[in-house]
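Shown next, in structure tokens, is the structure this report addresses.
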Amino acid sequence: MQAPTKVATRTATAASGAPVTILAFAGDIASTSKEPILEAYGATDGQKLLLDFSGTEYVNSSGIAIIIQLLLDATKTGGRTVGIFGLTPHFQKVFTMVGIGKYATLSPNEAAALAAL
Amino acid sequence: MLRRSLLAILLLLSMTGLRAQTPVSAPDTADPAHLTWTGMDRPLNISSSWFTNSTQDEPAFAQPGYDDSHWRLRKRSDTLRSYWQRPSHVVWYRAHIEAPAGIKDLAVSINGIHGPFELYANGRRVGGAGRIGDPGVFGDMVPIVYPLPADIAPDGHLVLALRTGILFTKDSQQGGISTDSSLLLGATAHINDTRSLSIFESLASNYTNLVIACIAGIVALGLYLSARGREYLDLTLSYITLAIYNMLEMWEFTRAIQRSGFALLLTTLLATAPVIFNLEFIRRILGRPRWKLFGIIQVLLLVNGVVIQNLFVLAPQIFSFLVQGLFPTVLAIGTYALLDFVVPVIIYRAWRRGNRDAGLLLVAVLPSSVLVLAQITRSVLALTKVIAGGSNPLERVPGITFNIGWSEVTSFFASIVLLLFMVLRTIRLAREKAELSAEIEAAHNVQTLLLARATQPTPGFAVETAYRPASEVGGDFFLISPGQDGSLFAIVGDVSGKGMQAALRVSLILGALHRESSREPALVLQNLNSALLSQGDIGFTTACALLVEKDGRFRYANAGHLNPYLDGEEMPSAGALPLGISPEAEYGTEYGNLATGQRLVLLSDGVPEARSAAGDLYGFDKLVTLTRLPASDIAEVAHAFGQTDDITVLALALA
Chain A
898 MQAPTKVATR
908 TATAASGAPV
918 TILAFAGDIA
928 STSKEPILEA
938 YGATDGQKLL
948 LDFSGTEYVN
958 SSGIAIIIQL
968 LLDATKTGGR
978 TVGIFGLTPH
988 FQKVFTMVGI
998 GKYATLSPNE
1008 AAALAAL
Chain B
149 MLRRSLLAIL
159 LLLSMTGLRA
169 QTPVSAPDTA
179 DPAHLTWTGM
189 DRPLNISSSW
199 FTNSTQDEPA
209 FAQPGYDDSH
219 WRLRKRSDTL
229 RSYWQRPSHV
239 VWYRAHIEAP
249 AGIKDLAVSI
259 NGIHGPFELY
269 ANGRRVGGAG
279 RIGDPGVFGD
289 MVPIVYPLPA
299 DIAPDGHLVL
309 ALRTGILFTK
319 DSQQGGISTD
329 SSLLLGATAH
339 INDTRSLSIF
349 ESLASNYTNL
359 VIACIAGIVA
369 LGLYLSARGR
379 EYLDLTLSYI
389 TLAIYNMLEM
399 WEFTRAIQRS
409 GFALLLTTLL
419 ATAPVIFNLE
429 FIRRILGRPR
439 WKLFGIIQVL
449 LLVNGVVIQN
459 LFVLAPQIFS
469 FLVQGLFPTV
479 LAIGTYALLD
489 FVVPVIIYRA
499 WRRGNRDAGL
509 LLVAVLPSSV
519 LVLAQITRSV
529 LALTKVIAGG
539 SNPLERVPGI
549 TFNIGWSEVT
559 SFFASIVLLL
569 FMVLRTIRLA
579 REKAELSAEI
589 EAAHNVQTLL
599 LARATQPTPG
609 FAVETAYRPA
619 SEVGGDFFLI
629 SPGQDGSLFA
639 IVGDVSGKGM
649 QAALRVSLIL
659 GALHRESSRE
669 PALVLQNLNS
679 ALLSQGDIGF
689 TTACALLVEK
699 DGRFRYANAG
709 HLNPYLDGEE
719 MPSAGALPLG
729 ISPEAEYGTE
739 YGNLATGQRL
749 VLLSDGVPEA
759 RSAAGDLYGF
769 DKLVTLTRLP
779 ASDIAEVAHA
789 FGQTDDITVL
799 ALALA
């Protein structure tokens, strides 16, 4: 059974000293996740954004479409720098496969992600 | 919702002629101390003209010779409160009747004493109901007939005595003779006729309700068993409890039953349950959450209809302590305001938002809700003395001799509309299901046809395919196209989403691929991306296109799809956006070589994303060995692990 998506927003500081907004996802990411994810994303500001998938076990194709939509908006429209961390190895591969690596750096954990921003 | 019925009204209207033929009570005599009865042809109304004593309880009070001249005379309009003195649990009544000497074959009919009593005639106990001193209340009932012994009044002088039990709390009291009590003395045959008519008047609506509840309950049960919708189970339970309640009420009406303990609890639960189940039915139809407003109203209904009523009888001290002043009135008004105002508003809003079922539900509940709200408004105005109390025009249907309430009319209307609701909804759902099945069947046929065209003879190559959709119509696609130069073009892809939308997109993609003139993998993907983007926002599609020359050299391009596996080894490619997302997406070309004896496998994500019952993914790591198996075996392994998506496997080798 699909676990509902929850999104928490927090802030951190990048290695460069710039403020970073972190959107932390919990639960599975699927078509029903669109509203909570895009709502939380819409409320963020700042140039640097991290997506935390540590609490996510499963992302289906509709979930990947939502993440791609977010990344295209953030990088192409908003000119923001985006990083992703906390993915399982399986979804690290899937995210790479669908070309997300071109729009966001993929890091194994938060510290590495903050350092890469 | 269901209480009485319009059918009962029609039935009773048709019986007005019968009522004209039945005996009616004689007017009271001028002397209230001694009623004189001259004719056996008509019963004597003895509802008033009783001497009362509520301060003492002596067996001698039943004797005809007892001197009751110092007792208080009760007038017809006297309520119990006006002559009963707290804290007495017993009130005595005595009446003196002068009848013709030697009169025989007499009976007394008693109705509307809401408590236990004992009836004495010339000192002999001739009947009674319940046990004085026991807790419990009497509901409304039809007259109970007590025949008098043949030799009861040889000289025509008859003294009737009633010993009644009073149940009371700080704020209320029940029992004894009150304004709605009806007592008659007359010939047994006449009294029995009067009782028969009274039973008919009282129970005709119960019979009608029972019939309606049984019919509607059977329809609802049938729908539940066939369609398995929980909403129909709620409706079934509503009608079952309503039918049982009506049967119980009819049984009680014909007997002087003292409800106490479990019986009272059961009765109040059965009276409240139909409304609660109806509310649950409405909640499901509207798709509202259980433990919010609807749950609160259901709890309030239980408190009003069951807890407070049982406390009154079973624990009057606790009732007096908890229920002070206007609290029960305010609680009842609040509950019914929520039930009859807020719920119709919610139904109305659902209807405005396009819920077609809500429209008929609104028709069903609106008359009843308007009536209850009008009654609440009138009660509040009367309580606050804005208008005078007295007779309530909102209770009885005017112009009808029989006692039929507006609530019974609205309830009957609601049940008829609900029956109509069930029939229309079932027809609509069946039609929608049939239409959907036809659409799926059509899509399945189109897809089967297109996929059949996708597999053509492949001279110079050995090709295996395995296609296992997760549902009737799949979101995966593949195409194999041999070229005149001995090459082989192949593509495997997956559209996001499922069902009809995905199936239609697969049809669109296969159509575009059949029309495609290029066999260059990157260009095919580029063209397909443009074709999909021209359709607007229809989700995304991943695909891997491959062209193998007749000598085994191959090149491929990938749009977010799984890479090809060559003898179990994953071929590399830079990640690329799926098709249908961005016009700027670019697809690079990768190269490889297929030697004789090697196998090149393309597959969809239904294989690595097969998910076990425990939630584990099959994963990418095992593909190294899995892709060495025949295509059908690969699909079978993924399916057995836990298929969650369409599975497509395509394996190529030089022949």
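Just so you know, the sequences run in chain order A and B. Just so we're on the same page, my numbering is the position in the first sequence counted from 1, plus 897. Just so we're on the same page, my numbering is the position in the second sequence counted from 1, plus 148. Idealized CB from N, CA, C, for every residue including glycine. Note that the structure is predicted; figures quoted are calculated from it, not measured.
Closer than 8 angstroms to chain B by CB, residue i
i, result
"L969(A)", "yes"
"I934(A)", "no"
"T902(A)", "no"
"S951(A)", "no"
"K990(A)", "yes"
"A1013(A)", "no"
"T910(A)", "no"
"V917(A)", "no"
Within chain A, partners of residue i - CB distance below 7 angstroms
i, result
"E729(B)", "The sequence shown places Ile at residue 729(B), not Glu. Under the 7 angstroms cutoff, chain A gives I965."
Cutoff 8 angstroms: residue i Cβ touching any chain A Cβ
i, result
"G790(B)", "no"
"S555(B)", "no"
"P437(B)", "no"
"G641(B)", "no"
"G645(B)", "yes"
"M648(B)", "no"
Continuous alpha helix (DSSP H) stretch holding residue i: start and end
i, result
"N340(B)", "T336 to A375"
"Y231(B)", "L228 to Y231"
"E784(B)", "A779 to G790"
"L742(B)", "Note, L742(B): premise wrong, no alpha helix (DSSP H); not H, not E."
"A480(B)", "F475 to A485"
"N677(B)", "P669 to L681"
"Y393(B)", "R378 to F401"
"I1049(A)", "Chain A is shown from 898 up to 1014; residue 1049(A) falls before or after that span and cannot be answered."
"L521(B)", "R504 to L531"
"G939(A)", "K931 to G939"
"L1011(A)", "E1007 to A1013"
"L774(B)", "L771 to L774"
Limits of the beta strand (DSSP E) - the one that residue i falls within
i, result
"H262(B)", "No beta strand (DSSP E) holds H262(B); DSSP gives it neither H nor E."
"T613(B)", "F609 to R616"
"W499(B)", "Element bounds for W499(B): not the beta strand (DSSP E) but the alpha helix (DSSP H), V491 to R500."
"D949(A)", "K945 to G952"
"T906(A)", "K903 to T910"
"P916(A)", "P916 to A923"
Chain-ordered neighbours of residue i on chain A, where CB pairs are closer than 8 angstroms
i, result
"P617(B)", "Per Cβ cutoff of 8 angstroms: no residues; P617(B) is ~15 angstroms from chain A at best."
Interface partners of residue i on chain A, CB under 9 angstroms
i, result
"P726(B)", "S958, I961, A962, I965, V995 and G996"
Residues that DSSP places opposite residue i in a beta bridge
i, result
"G313(B)", "V238(B)"
"Q446(B)", "Bridge partners of Q446(B): none, in fact."
"T1002(A)", "G980(A)"
"K252(B)", "Answer by DSSP bridge pairing: none, since K252(B) is not bridged."
"P302(B)", "DSSP, once it has assigned bridges, lists no residue as partnering P302(B)."
"N458(B)", "N458(B) is not bridged to any residue."
"P295(B)", "A255(B)"
Legend entry - Residues of the segment 667–693 of chain B whose Cβ lies closer than 9 angstroms to any Cβ of chain A, in chain order: G687, F688 and T690
Legend entry - Short-range partners of chain A found in the segment 696–724 of chain B, where Cβ spacing is below 9 angstroms: N706, A707, G708, H709, L710, N711, S721, A722, G723 and A724
Legend entry - Members of the segment 747–778 of chain B near chain A, C-beta cut-off 9 angstroms: D753, P756, E757, R759, G763, L765, G767, F768 and D769
Inset, instruction - Determine which residues of the segment 993–1005 of chain A have a Cβ less than 8 angstroms from any Cβ of chain B, and write them out in chain order. - result: T993, M994, V995, G996, I997, G998 and K999
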